[in-house]
Amino acid sequence: MKPKLKMRLGDLLVQEQIISEDQLMQALAEQKKSGQKLGRALITLGCLTEEQLLKFLSHQMNIPFLDVSRRAVPAAVVNLLPEVQARRYRALVVEDNGDSVLVAMSDPADLQAIDNLEVLLTPKAISLAVATEAQLMAAFDTLYRRTGDIAAMAGKLEEEYAADDMFDLGALTQTDSDSETTVVKLLNSIFEDAVQMRASDIHIEPGEKVLRIRQRIDGQLHENTLNESNIAAALVLRLKLMAGLDISEKRLPQDGRFHVDIKGHAIDVRISTMPIYHGESVVMRMLDQSAGLLTLNETGMPQDILNRVRKQIRRPHGMLLVTGPTGSGKTTTLYGILSELNTADRKIITVEDPVEYQLPRINQVQVNHKIGLDFSNVLRTTLRQDPDIIMVGEMRDQETVEIGLRGALTGHFVLSTLHTNDAVTSALRLLDMGAAPYLVASALRVIIAQRLVRRVCQNCAVPYELTPQDSAWLSSITPDDFSSAPLKQGVGCQSCNGSGYRGRIGIFEILELDEIMVEAMRSGNPQDFAKAAKESPNFTPLSESALYYLRQGMTTISEVAKLVEDAGGEVPEEQLAEDR
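In terms of numbering that gives the first Met the number 0, the sequence shown opens at residue 0 and continues consecutively.
Next comes the structure, spelled out in structure tokens:
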């Protein structure tokens, strides 16, 4: 039975003294003028808020008021109502109880919409709840994945090429009918789904009987499997055309890039192909250029580390290294530093592979190994271009390291990255790469090591109580007491796709070389250097920084345990399972 208002909405609001008679008259005039519903007109005029109106309707109609952003709704339940109809009626199916469904609406007094929903959801009966329109629109964007479209397009594509198992290269390479081809529509759905889920990478992996499309979201891979494995060649061919790669070469890896515009997002896509047993694997790194660059303030550095970094980058010369494994946010930190240093009185040159973001005023050089334009060759020329600041994408070999160090000694400020686990071992890695100890000691000023850990979803975070295993593990790495700390964990909601995590936090450690460290480095004594670094009063290891965020309820014990293990710490065998 449909819940109904006993009186007209406006009269009820006046009777309950929520609005005045004058406000009702103004809203009725606005309704007549704009065609809006009365409730929306009252909100537009500022007579009351949407939440006040919906809570009033909830009480009058005896239906629940839901915070749909905090609910993890299964895809099978959401898809009981097609997306087009859900958006049209501002309605979301949030529960399936067998014979009935619970539907959240932004206007539960819209009887015509309810009648249409009853037809669409037949034979299930409808129970109503009320939710804000903003939350419903956000839920539509998150919950209505493109996986159904992807599966349908894949099936259609397989049918088109099933006859002779051969692809019409001529048809696939036509540039005047891209928008009409099934391949392009399928790829568009794949990209739309990735943007919707905030994925950083897309993996296309053909198997013997299935095609796997995986997305990396907040550092974790999520898999979607298609049975149409034979369409992989068509997808790879189209992607190679978009990136300007050699479509006839299937035996060797290739790298390229292209740009796509997806739902208002300007995406720069870096593509890498690799021959595997059942075809070619494709990995695409997606960079959202429309999101803009993060400033140094937005990198997530704690204020004390941020102050020390700012002090160091004001130096006229020397070398600053940012270290960590692939995907730890090194490039984001470097670009944040560059954006702060990018002023009219400084000449900045970068040597990158690839250039990820284009920066105004900065001279950016794209390395091209095929023609001999590698890091060391470009770096030599860079030093003759009268720069104040040089950024080298990565210290990859002895020659690049030595040129960078000598540049830092001759009046330039040099920024670069290393793939090392922590700040202390980064300085020693330069020695391992063949750099002279006196060069490293004279030029190296500061090392920033960093990692990314997943952030607890603040929308569904709940207090978390330590288990005995948690307490035992924490006591093995820190003397601090966490028994009264406000620890949190996410229970899963539509905002975080049920994972309990949304976004990531940067974990940083900074090592500023003092006289004792410099002397140990000059003498080529790695043990003395490591000892002096770890005993420095200003040095805070990655693990302690991660524990700080754990104490603040911003990440979980499992995330901290992974970081400690990755950074070389001891993790007990009884370490808690992931995402418990």
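No residue lacks a Cβ here, since even glycine has one placed at the ideal position from N, Cα and C.
Measuring only the C-alpha atoms, how far is residue i from residue j?
i	j	result
ARG237	ARG144	23 Å
GLU564	LEU305	25 Å
GLN311	VAL413	12 Å
ASN223	VAL209	10 Å
LYS665	ASP10	For residue 665 there is no data in the structure shown, the boundaries of the chain being 0 and 579.
ASP344	ARG313	13 Å
ARG501	PRO205	29 Å
PHE507	GLU543	10 Å
CYS456	SER247	46 Å
GLU585	ARG269	Because the chain spans 0 through 579 in this model, residue 585 falls outside it and cannot be assessed.
ALA265	GLU191	12 Å
LYS239	ASP245	7 Å
ALA153	GLY523	60 Å
ARG215	GLY278	21 Å
LEU156	ARG211	16 Å
VAL461	GLY299	23 Å
GLN16	LEU53	16 Å
ALA162	SER228	Note that ALA162 scores 46 on pLDDT, short of 50, meaning its location in the model is unreliable; the coordinates nonetheless yield the value given after this. Distance between the alpha carbons of ALA162 and SER228 is about 15 Å.
THR477	ALA531	21 Å
GLY403	GLN363	16 Å
LEU443	ALA231	48 Å
PRO63	SER57	6 Å
ILE556	SER483	15 Å
LEU119	ARG86	14 Å
CYS495	VAL67	12 Å
Find the nearest neighbour of residue i within the set the options, judged by alpha-carbon distance.
i	options	result
HIS411	GLU279, PHE64, MET318 and SER68	MET318
THR419	LEU320, ASP254 and SER483	LEU320
PRO353	THR342, LEU546, ASN341 and ASN367	ASN367
ALA290	TYR356, LEU225, ILE275 and VAL67	TYR356
THR180	ALA233, GLU514, PHE528 and THR342	ALA233
ARG521	GLU464, LYS262 and LEU430	LEU430
GLU464	LEU443, GLY489 and PRO478	GLY489
GLY133	ASP114, LEU116 and SER105	Gly is not the amino acid found at residue 133; the sequence shown has Ala there. Ranking ASP114, LEU116 and SER105 by Cα distance to ALA133 puts SER105 first.
GLN384	THR477, THR349, ASP373 and GLU393	THR349
LEU23	LEU44, LYS533 and VAL129	LEU44
GLU393	THR322, ARG379 and ARG450	THR322
HIS221	SER498, GLU558 and THR380	SER498
ARG256	ARG284, CYS492 and PHE139	ARG284
LEU251	TYR276, THR342, LYS184 and GLY335	TYR276
Take residue i and list the residues in its own chain whose beta-carbon comes closer than 7 Å to its own, dropping the five residues that flank it on each side.
i	result
ILE18	LEU12, LEU41, CYS46 and LEU47
LEU337	ILE347, LEU358, ILE361 and MET390
VAL282	ASP200, HIS202 and SER271
ARG428	LEU417 and THR419
LEU372	VAL366
MET553	ARG454, VAL455 and ILE504
SER327	GLN449, ARG450 and LEU451
LYS249	PRO274 and GLU279
For the ligand NAP, I want to know if residue i counts as a neighbour, meaning its beta carbon is within less than 6 Å of at least one of the ligand's heavy atoms.
i	result
PRO485	For the ligand NAP, the structure offers nothing, since it holds no ligand at all.
Please confirm whether residue i and residue j have their CB atoms less than 7 Å apart.
i	j	result
SER425	ILE446	yes
LEU408	SER441	yes
ALA103	LEU91	yes
THR331	LEU293	yes
ARG70	VAL100	no
VAL423	ALA529	yes
ARG550	ARG503	no
ALA434	GLU398	no
ALA519	ASP513	no
Tell me which same chain residues have a C-beta within less than 8 Å of the C-beta of residue i, skipping the five on either side of it?
i	result
LEU27	GLY9, LEU37 and ALA40
ARG7	none
LEU171	Unreliable positioning characterises LEU171 in this predicted model, as indicated by a pLDDT of 47, which lies under 50. The coordinate reading is nonetheless provided below. So the qualifying residues of the chain are THR180, VAL182, ALA233, LEU236, ARG237 and LEU240.
Keeping to the same chain, check which residues put their C-beta closer than 6 Å to that of residue i; ignore five residues upstream and five downstream.
i	result
GLU339	LEU295
ASP387	ARG345 and LYS346
VAL76	VAL92 and ASP95
GLN253	LEU244 and THR272
Using a Cβ distance threshold of 8 Å, determine whether the stretch 190 to 202 contacts the stretch 117 to 127, with at least three qualifying pairs required.
no
Check whether the stretch 469 to 485 touches the stretch 525 to 541, taking contact to mean three or more Cβ pairs, one atom from each stretch, closer than 8 Å.
no
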